[in-house]
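Asks: Sequential numbering from 2 applies to the sequence shown in the working numbering.
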Amino acid sequence: MTLRRRPGVAADLPMVFRAERDYIRNVEPDQEAAWTAAIDRNLALWIAELDRTTVLQCDGRPAGFATWTRSGDTATLVTVQVLPEFRRRGLGRLLVRWFIDQARSAGCAAVELGVHRDNPARDLYEGVGFTRVGEDGPYLLFALPSS
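What follows is the structure, encoded as structure tokens:
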């Protein structure tokens, strides 16, 4: 298995759309109508943050991606996705670690994320050092302790 990471490009947007849509359908199905209604806003975010999107390729094929935003000195993980056929290989952990490295290299003092309480990825986030700092409705809020 040969892994390569690269910056996101516009040609990745269909993959991002499909992965995000599949996430909504599988983890937050009650939010699909709202997500679909906000698709233009979601697309604008994906385009705006392409420079903060890392695509992971496995043997030349897209295997997943991570996107983050920055507000002041805070980096927020927007999404991390590993495509189904590549799951359970540690690739999500790799993408999250790359996000942390990028955020720290960019000078972000705070690194955070939110995850739906039904999303099993919360175990991944805790496994790389995030700690739970609160809740916002059905979402659990996590932050990385300052280094």
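Quick reminder that beta carbons are idealized off the backbone N, C-alpha and C, glycines included.
Less than 8 Å separating the beta-carbons of ALA64 and ALA104?
Replies: Translated into the one-based positions of the sequence shown, residue 64 becomes position 63. Translated into the one-based positions of the sequence shown, residue 104 becomes position 103. No, the pair does not count as a contact, with Cβ atoms beyond the cut-off.
Asks: Report the rounded CA-to-CA distance for ALA45 versus ARG19, giving the unit in angstroms.
Replies: Sequence index remark: in the sequence shown, residue 45 carries index 44 (1-based). Sequence index remark: in the sequence shown, residue 19 carries index 18 (1-based). Cα to Cα, the separation comes out at about 15 Å.
Asks: Judging by CA-CA distance, which residue of GLU29, PRO8 and ALA11 is the nearest neighbour of ASP119?
Replies: The residue you call residue 119 lines up with position 118 of the sequence shown. Ranking the options by Cα distance to ASP119, first place goes to GLU29.
Asks: Round the Cβ separation of LEU4 and LEU57 to the nearest angstrom and send it over; I've been treating them as touching at under 8 Å.
Replies: To locate residue 4, count along the sequence shown from 1; it is residue 3. To locate residue 57, count along the sequence shown from 1; it is residue 56. Sure, about 6 Å apart at Cβ, within 8 Å.
Asks: Tell me whether ARG98 sits in a helix, a strand or coil according to DSSP, three-state version.
Replies: Within the sequence shown, numbered from 1, the residue matching residue 98 stands at position 97. In this structure, ARG98 counts as helix in the three-state DSSP scheme.
Asks: Out of PRO8, ASP124, ALA49 and ASN43, which one is the CA nearest neighbour of ILE25?
Replies: Start at 1 with the first residue of the sequence shown, and residue 25 comes out as number 24. Comparing Cα positions, the closest option is ASN43.
Asks: As a quick exercise: from GLN32, GLU127, ASP74 and THR80, pick the residue whose alpha carbon is nearest that of GLY108.
Replies: Your numbering for residue 108 matches position 107 in the sequence shown. When each option's Cα is compared against that of GLY108, the closest is ASP74.
Asks: Would you check if the distance between the CB atom of VAL112 and the CB atom of LEU141 is smaller than 8 Å?
Replies: If you number the sequence shown from 1, residue 112 lands on position 111. If you number the sequence shown from 1, residue 141 lands on position 140. It is not a contact, given that the beta carbons lie outside the stated cut-off.
Asks: Would you list the residues sitting across from CYS59 in a DSSP beta bridge?
Replies: For the purposes of this step, residue 59 is taken as residue 58 along the sequence shown, with counting starting at 1. Answer is LEU4 and ARG62.
Asks: VAL97 and VAL81 look like a contact to me (Cβ under 8 Å); what is the Cβ gap, rounded to whole Å?
Replies: Mapped onto the sequence shown, residue 97 falls at position 96. Mapped onto the sequence shown, residue 81 falls at position 80. Right, their Cβ atoms sit about 6 Å apart.
Asks: Please confirm whether GLY9 has its beta-carbon closer than 8 Å to some beta-carbon of chain D.
Replies: Judged by its chain identifiers, the structure shown contains no chain D, having just a single protein chain.
Asks: Under 8 Å between the Cβ atoms of GLY9 and THR55?
Replies: Counting from 1 along the sequence shown, the entry for residue 9 is found at position 8. Counting from 1 along the sequence shown, the entry for residue 55 is found at position 54. A contact, by the Cβ cut-off of 8 Å.
Asks: Could you tell me the boundaries of the beta strand (DSSP E) in which ASP137 lies?
Replies: The residue given as residue 137 occupies position 136 in the sequence shown. 132-137 is the extent of the beta strand (DSSP E) around ASP137.
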